[in-house]
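The sequence shown begins at 1263 in our numbering and counts up one residue at a time.
All C-beta atoms in this analysis are idealised placements derived from N, C-alpha and C, irrespective of residue type, glycine included.
Predicted, not measured: the structure shown is a model, and the values here were computed from it.
Notes follow the structure.
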Amino acid sequence: MAAFNLPAFPSFDIETDKSSAGPRWEKWVERLENLFIGLDIDDEDRKRALLLHYAGERVYDIYDAEKKQTLATYDATKKVLKDYFDPKKNIQTEIYKFRCYKQLDGQSLDEFVTELRKLSKNCKFANIDSEILTQVIQNCKSNRLRRRALREPDKTLDDILATGRALEMADSQALTMERETINKVQSTHRTAQRQPQKQNNQRNNTKATIP
């Protein structure tokens, strides 16, 4: 059988931000499975072996300590590690965190919705977009967007996001114009202040040269 050169792939970083280990592990596995697709690897035993190889020694030690004697499949191995890195969440606690999250100063509407979508993952909502829309209406920074959404209750989350982006762009453009106007006024004011001083200096120089 021909030798198979394994492509480089980063191991899973356990130490960085342990509080986010669950989502990071899920993302790492998704990337690994994309590699399997690219290499046309579909044998379950090979996938399991490569998962444990690429994950790194620390992850292998965790798996070795957590596994049961009967576990030998790829999916079962993934489940052992998922349960370790992302223990079962208290749904009510997750919903509470979702409900309490408000748009931060300097945070765009898209960034706000991205964070809400992350927080909603463990809430088991029947309609995630509907729940996110409710949070946007209640906790966004823009009163104009809130009023628009309340006046048009049939609008979807995508509709409100499109409106919000347009409002953010208009606010940004208006702020830029205001700053340019202020800079022009300040520049004109400084020039006007320098003119009398320059004229006084010229008069003083003229007097000094008269015998």
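- DSSP places P1415 outside both helix and strand once states are collapsed to three, so it counts as coil.
- Listed in chain order, the non-local C-beta contacts of F1298 below 8 Å within the same chain comprise D1304, K1309 and L1312, local neighbours out to five positions each way being set aside.
- Shown here, D1391 sits in a helix according to DSSP, grouped into three states.
- As the crow flies, the alpha-carbon of G1426 is around 21 Å from that of C1362.
- Around the beta carbon of T1339, a 10 Å sphere encloses 16 or more other beta carbons of the protein chains shown; the residue is thus reported as buried.
- Its Cα nearest to that of N1296, the residue P1269 stands out among P1269, K1383 and L1381.
- With a threshold of 16 other beta carbon atoms within 10 Å, L1378 meets it and is buried.
- I1394 is classed as buried because its beta carbon has at least 16 other beta carbons within 10 Å across all chains shown.
- Take the alpha-carbon of Q1435 and the one of E1442: they are about 11 Å apart.
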